[in-house]
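Taken in sequence, the protein lines are chains A, B, C and D. Residue 458, in the working numbering, is where the first sequence stops; the numbers in between run on with no holes. Residue 343, in the working numbering, is where the second sequence stops; the numbers in between run on with no holes. Residue 379, in the working numbering, is where the third sequence stops; the numbers in between run on with no holes. Residue 537, in the working numbering, is where the fourth sequence stops; the numbers in between run on with no holes. Each residue gets a CB set at the ideal place from its N, CA and C atoms; glycine is no exception. Values in this document were obtained by computation on a predicted structure and should not be read as measured data. Each remark here refers to the structure printed beneath this line.
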Amino acid sequence: MKAFFKTALAAATLLGLFAGSAQAAPAPKVRVALIVESTVDDKGWCQSMHDAILAVQKKMGAGAMEYSHSEKMKPVDAGSAARQYASKGFDIIICHGAQYKNLVDEMAGVFPNTTFAYGTSANIGAKNVFTYTPFSEETGYLNGIIAGMVTKTGKIGNVGPVDGGDAARYIRGFQLGVQAANPKAAIRLAFTGSFGDFVKAGELAQTQLKDGADVLTGAAQQAIGALRAVAAAPAGIWWVGQDTAQLSIPEGSRVLAASGYNYASVVENLIAKRAAGTKGGESLPMQFSNGGFHFEYNAKADAKVLTPAVKKAVDKAREDLKSGKLKLDWKAVKL
Amino acid sequence: MSAGLMIYNVLCLAVPFSVALLLAALGENFNQRAGVFNLGCDGIMCMGAFLGFMVPFSLKATPWAAYGNLLGIGAALAVGAAMGVVFALVTVTFRASQGIAGIGLQMLGWGLAGTLFRHFVGGVTGVEGMAAIAIPGLSKVPFLGGVLFNHNALTYTALLLVPACWFLLYKTPWGLKVRAVGTHPRAADTMGIHVDLIRYQALMLGGAMAGLAGAYLSLCQAKMFSDDLVAGRGFIAVALVYFGRWSPLGILGGALLFSIAQSFQLSMQVWGIKFPYEFAVMLPYVLVIVVLALARKARQLGPTDLGKPYNREMRF
Amino acid sequence: MNRNKILYSGAIILAVTLIAALLVALVLYSIGASPLATYKTILTGPLSDLFGVTEVLVRSVPLMLVALGIAISFRSGILNIGAEGQIQMGVIASTAMALAMPHAPKAILLPATMMAGALAGALWGGIAGWLKAKLQVNEILSTVMLNYIAAQVYTFMLRGPMLDPNELETGSGTPQSMRLPEMAFLDTLVPGTRIHMGLILALVAALLVWMLLWKTTLGYRMRTAGAGAKAARYAGIPVERYLIVAMLMAGGFAGLAGAVEVSGVHHRAIEGISSGYGFAGIVVALFGALHPGGIVPSAVFFGILLIGADMTQRSASVPANMVLVLQGVIILSIVSAQSFLRNPYAQERFFRWFGRFSSSARKAGKGAQS
Amino acid sequence: MTALEPISELKLEGITKRFPGVLACDGISLQVRRGEVLALVGENGAGKTTLMNIIMGLYRPDSGTIHVNGEEVHFHSPGDAYARGIGMVHQHFMLVPNMTVAENLALGLKELHHFMNLDIKGAAKRIREVSERYELPVNPDAYIWQLSVGEQQRVELVKTLCLGARLLILDEPTSALTPQETDDLIVRLQRMASELAIIFISHKLNEVKALSDRVSILRHGAVVFNGQTANHEPSELAALMTGHDVVLPRNEGSSIQGEPLLSVQNLCVRGDRGNLVLDGLSLELRAGEVLGMAGVSGNGQREFADALAGLRPVESGQILFGGKDLANRTPREIIHAGMGYVPEDRQTEGIVPSFSVKDNLILKDFAEPRFSKMAFLRKKEIDSNAEALKERFDIRCPSTSTATGSLSGGNIQKVILAREISRGPKALVAVYPTRGIDMGAQEFIHEQLLARRREGIGILLISEELEEVMNLSDRIAVIYKGKILKVLPAVEATRERLGILMAGLADPDTPGDAQAEVPAGVAHE
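Listed below in structure tokens is the structure:
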């Protein structure tokens, strides 16, 4: 057994040397890798980062940036993919999901010259780790205002995936927004227990509709399932979204407004900081104040529903968030 | 909200929730009645869901668009039947261990649907799907109207399939053969019945129905496809067959009970009853185990040769 | 006769491998990937550098442990499909144990962590065993249901009682436990890689399982219960008890795999830690002929397959789900091949055909018939 | 039923069929005509059933031809055979238990199958017609599981006739019947023979003599004799059947000397369906005797054996063995008390087929210090034990590592006997110990049992072979409906007397001894 290990070790070391020499001459361009748990075209969390990187690549010119991504990565697979990227000399490895936090922590020490980034997280990590946090409570707050002002039944549905990550912030921000606009409105919050079970999200949305909710929202990719249930419901039922891509699909007619993450700013930030010599050790917040979010109304939305009054209230809140006048204490919200 | 309305709401939703389970379990019942335990039901549902979605999706902008859903359902039925044949080849002709082969088929169907979807479609995209058809007159009946008569065509089909399956199983020559083949295949063989052929047919029918169940998920429930759309519902369907004691009516009862539990746990969350939602989500699964444990006496009623490959040349 | 049997088995295995490879190639071709390039990447990619080799071994550790447990259960006549849930239970318990005694010395803490994981997995598996033995609940169905339940228990624990307090403070809310004390880590074998002492543990476990099954009276009892339940009852072996024992052990090994993953790789409980090892372990166990001597290489082979399939995503743009197709086809091929291998009729037909073939070829006569 | 002319002649030529390791049929040629009864005689394993399954199209012959009315036919399934008017009543009834008689018939009657409609009424009508015509009363609406063995036998006959069989193959039709039911059946068949052709398989030569016109004898898959039944005596046929003049060993010892060893008192046990199958059974076995238990199968023998082995819960009553009550004890405790056991189903109960011979030989003793040490198996001891027993019991196997399931029935039975006897039991329960095995092994096993008797072991022999019971026993207990109807010394037992008792009737030799009045068992001498 021992002999076997010695031989294996020797062989492995040789191979390692070989691999090392192959990457001796690094390319002048910046090499970015993305690791996601879903797919890069999931019309949600993963796609928004993917699209942002592509946009940055386009802006910088294809020659200045190399990009590779890995999909459907469970934590253990992500660990090996990330190590593979790191050992192949990638400069920035973005592990797009809070679930990757642990593997980045474990890996950062092993590859000190590589910059790692993951989010959602506000942690200050190791010297070569960036984190990024969408302050999703801000988008939740705006959507909450709309929901609170639009609802006629006074019941608002929220289709949660699980109570964690940016979904947790969004849910609480939404709560605050509704309370600010319409303190009497009741929020029907429930969870499917899964980020990806569209069918269950649809079932949950139907349950909320049956219960009398007339404005719904939801986070994560499963929300599409809920939006579909809304679209199939009789007129007068509306959706506020956490993803601008939802506006462009056929069901988008029911979407009053949607916010979206602007990861391009994060990616640009990462590249710039690394070029300037900062490999990590910072948390990059994403807020309205630093361009971390888009927010769009549905241009075709019925003006009787999305009244100027609603828009005015929302726009004011957005300005206040931008200027820092409005601070949201989302942690204080008890569900 | 009054308690009556609450019950009404739970029931209204339970019916559509139950359809996929009901279709798949009614199909699985034919498999098991013929003596074959098909755990691959889940994989077949994945493929059915994929094709049920894929066909209307790719016909969207063509003159065929109007028939998209119908053709999608046809494709789901066909792929289900084809996978039934694959399973029959492995378990009937090659006489492989059915439980493990089922896991293999499940992985194959799941993987194949995901792979093909990824290649031919890519990301999340919706289809129009099938709309609810309120049955004139009946849908206005208080209580029952909302619970039973305001659904899409596949839901009605599934409900009508319950008596149809009962009739097929107990009142037709083919049903007679299926029951004989699952209980005493050698006796059936000595009566000139081609045991393997009947098992192939039963697996094809069961597969087609599982495919239809998948299409229901993608066309009616979600109106979209993703590779974890089915999310283990096929396994529940298999359990429901035991639960329903191999009778279509029992299976209907089981599917409804499970769906009511599901609808109830969602409603409880929506009503704001506080307890960890994880426990609510696991409730239906716990229910299945409990019922399986209680239903053990029923085993003798079922196909006694379930799970055993038949080999004509095997001597006593 | 022996030579013939080997010949026959070889022919069947070769034929089945070819058919399976061909089927997968067909799928690959239909999605526009080059089958040859894909196979080449899968089989050689992971072994082309130190990193790949160690990652393969990292995967093979949990696969090996899970498959050993599954071999025990299958040999004892009970099909354990529930390793996935048992792993998760093992993760919870081992993490809790390690976090409960942060200052204990390694000699106590590490074994305690492993034991806790194994015990929790064993209990979870034991439920299915008990349901089968006492209430005749089909174990395939009950273990599948227990998987769903375990998944919910797992998320509940990670988001609730076991959530890292730091996550609440920073507000990230990532569902993960606190980091284990370093005294609870399995040491790394090769610095700079993830390969850890769990490998040695798994190899020792393989040896122990082999001894258990074929050298001890307990193993004899269990195999008897599995191979001939009726005869076992007549011989005074309480079959039901050994069904439970087998499920306890199978669950124990799966739970141990969970503990090893926590303490060797991730160093805390995180979401998605079981990674489908529970199902892949079934394939590994079958591929290894339910024998530890076969399971060890088979686990390494599947490690290669998993890593390789991952690599094809990047090098040959094959969707990640392809690995499921691969596993599905492998299972279906193995069970089909097994029925041919065990079927004396098919064997005899083969030899009659082969005998005719070889006698006409070289007039040697009945070389294959005897 | 078909447009084809009714069958008037069936001819087989050179039929050969090979199973793995066995040449089941070796160039068999036979012929049978309308109005004729051909008896096909041979030991178990001689290839009779295989040959009939070939005629029915269940098996495909490796070579040889079948001609019906002079025309060569190739049957791919029993359906083809029925279409030509050939039908078979199998030894193990081919009836689906959870369906009715009519449904069972409808299964094979293709003309009742309309696309979506099954004509069950038509099936019932057909059954009534046939059962009236041949005087075989059958209720078409009864479920099979509700019927007795004799009734099921009738259903099988009616079913086969309804399906249009004009050549009837009967595979050991009397094996599950009482002597009276057997006589009844023979009479019916004689009546039917005039308009049908019948192939009658049996190894009971008196039945062959009573029913058949011609007889063919099979041995090791080949026809060794053809002749007119009337011209040959049963003893002559027996010699031809076994190949040599086999004289099975007989119990010549003087009767009953020993102490009471096993005493069963008022045993009540439930069957698989929850009904009371043993209803107050009492019995006493003494050291140094063979107690034969005769009875038609299905009268509680199986449940009794299970209860003795500790595999079936006892409702009430006692099983006293060496002063200890073994009722509801575990099999382990019963084995330790010194009870040996040769189970009914040797393939699945007596051995683990996939285990080697040597592993099967330690099935009960692997945990004893002799074969294990500190929970580890002692390989050397196990090997030498196996070698020794292989010699002593003449177990014919390539090596003791061979999978036991691949051995012949006789050798498997020797493995079981070797294991049970070498353990040195005080009592031995042997259930159908020689069913379906060749004469040579049968002789060996009988000798072994008698030798153990001489050593003072008490042997309970449960069998449905009256010859075996009468040959070996000191006393014979007749079981009927879960009770011991009577125990009589073997010297007083005759076939007729046992037959009457097995049918549950009062014993003609004991006036006034009616069934209800039997004081539940215990020997009356």
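What is the DSSP secondary structure of Arg138/D, counted as helix, strand or coil? In this structure, Arg138/D counts as helix in the three-state DSSP scheme.
Relative to the C-alpha of Ser1/C, which residue among Glu357/C, Gln97/C, Leu27/C, Asn147/C is closest? For chain C, the structure presents residues 10 to 379; residue 1/C sits outside this window and is missing.
Considering only residues of the same chain and omitting the five flanking positions on each side of Tyr243/B, which have a CB-CB separation below 7 Å? Val46, Ala47, Leu50, Leu181
Check the Cβ-Cβ distances between Pro207/B and every residue of chain D, and say whether any is below 7 Å. For clarity, residue 207/B is Ala in the given sequence; the question names Pro instead. Yes, Ala207/B lies at the interface with chain D (some Cβ there is under 7 Å from its Cβ).
Paired residues, beta bridge with Gln240/D - DSSP: Arg226/D
From Arg487/D to Gly304/D, what does the alpha carbon distance come to, in whole angstroms? Annotation: Arg487/D to Gly304/D spans about 6 Å, alpha carbon to alpha carbon.
With three or more C-beta pairs closer than 8 Å as the rule, is the segment 235-242 of chain A touching the segment 219-226 of chain A? yes
Could you work out which residue in Gly86/C, Gly303/C, Leu295/C, Ile291/C is closest to Lys141/C when comparing CA atoms only? Gly86/C
Check for me: the alpha helix (DSSP H) holding Tyr229/C runs from which residue to which? 226-236
Can you list the residues of chain B that Gly91/D reaches, using a CB-CB cut of under 9 Å? Correct list: Met218, Gly219, Ile220, His221.
How would you label Glu271/D, buried or exposed, when you count the other beta carbons within 10 angstroms and need 16 or more for buried? So Glu271/D ends up on the exposed side.
At least 3 beta-carbon pairs within less than 8 Å: the segment 324-338 of chain A vs the segment 352-370 of chain A: yes
Segments assigned beta strand (DSSP E), at least 3 residues, entirely inside the segment 356-429 of chain A: 361-364, 378-384, 405-409, 416-420
With a threshold of 7 Å between beta-carbons, can Asn89/C be considered close to chain B, or not? Not one chain B Cβ lies under 7 Å of Asn89/C.
Under 7 Å Cβ to Cβ from Pro343/D, same chain only, skipping five residues before and after it: list those, please. Ala321, Gly322, Leu323
Identify which residue in Pro18/D, Leu500/D, Val443/D has its Cα closest to the Cα of Glu207/D. Pro18/D
Interface residues of the segment 413-432 of chain D facing chain C [CB-CB below 7 Å]: none
Can the beta-carbon of Val301/A be found less than 7 Å from the beta-carbon of Ile294/A? no
What are the residues that DSSP puts in a beta bridge with Arg487/D? Leu303/D, Pro501/D
Report the residues of the segment 304-317 of chain B with a CB closer than 8 Å to any CB of chain C, ordered along the chain. Result list: Glu305, Phe306, Val308, Met309, Tyr312, Val313, Val315, Ile316.
Would you kindly report the start and end of the unbroken beta strand (DSSP E) that includes Cys218/A? 215-219
Starting from Asp183/D, follow the beta strand (DSSP E) in both directions and report where the run begins and ends. 179-183
Locate the alpha helix (DSSP H) running through Phe321/A, then write down its first and last residues. 321-333
Please tell me whether Ala128/B has its Cβ less than 7 Å away from any Cβ of chain C. yes
Cutting at 7 Å between CB atoms, please list the residues of its own chain near Ser434/D, excluding the five before and the five after it. Leu401
Which chain A residues sit within Cβ distance under 8 Å of Met251/B? Phe321, Ile347, Gly348, Arg351
Closest residue to Val322/A among Met236/B, Val268/B, Gly153/B (Cα-Cα distance): Gly153/B
Do Ile204/C and Thr63/C have their beta-carbon atoms positioned less than 7 Å apart in this structure? yes
Under three-state DSSP, which class holds Leu295/D? If DSSP states are grouped into helix, strand and coil, Leu295/D belongs with the strands.
Under 7 Å between C-beta atoms of Ser342/C and Val25/C: Taking the C-beta atoms as reference points, Val25/C is found nearer than 7 Å to Ser342/C.
Using a Cβ cut-off of 7 Å (strictly closer), state whether Gln331/A contacts chain B. Chain B, which has a Cβ nearer than 7 Å to the Cβ of Gln331/A, makes this yes.
Would you mind listing the alpha helix (DSSP H) stretches within the segment 285-322 of chain A that are 4+ residues and don't spill past its ends, in chain order? 288-304
What whole-angstrom Cβ distance do Gly404/A and Gly248/A have, given they're in contact under 8 Å? 7 Å
Compute every distance between the C-beta of Ala422/A and the non-hydrogen atoms of the ligand GDP, then say whether any falls below 6 Å. Of the ligands one can find in the structure shown there are none, so the ligand GDP has no counterpart to examine.
Below-7 Å beta-carbon distance, Val233/A vs any chain C residue: yes
Look up Arg45/D in the DSSP assignment and give the residues it is bridged to. By DSSP's assignment, Arg45/D forms a beta bridge with Glu21/D.
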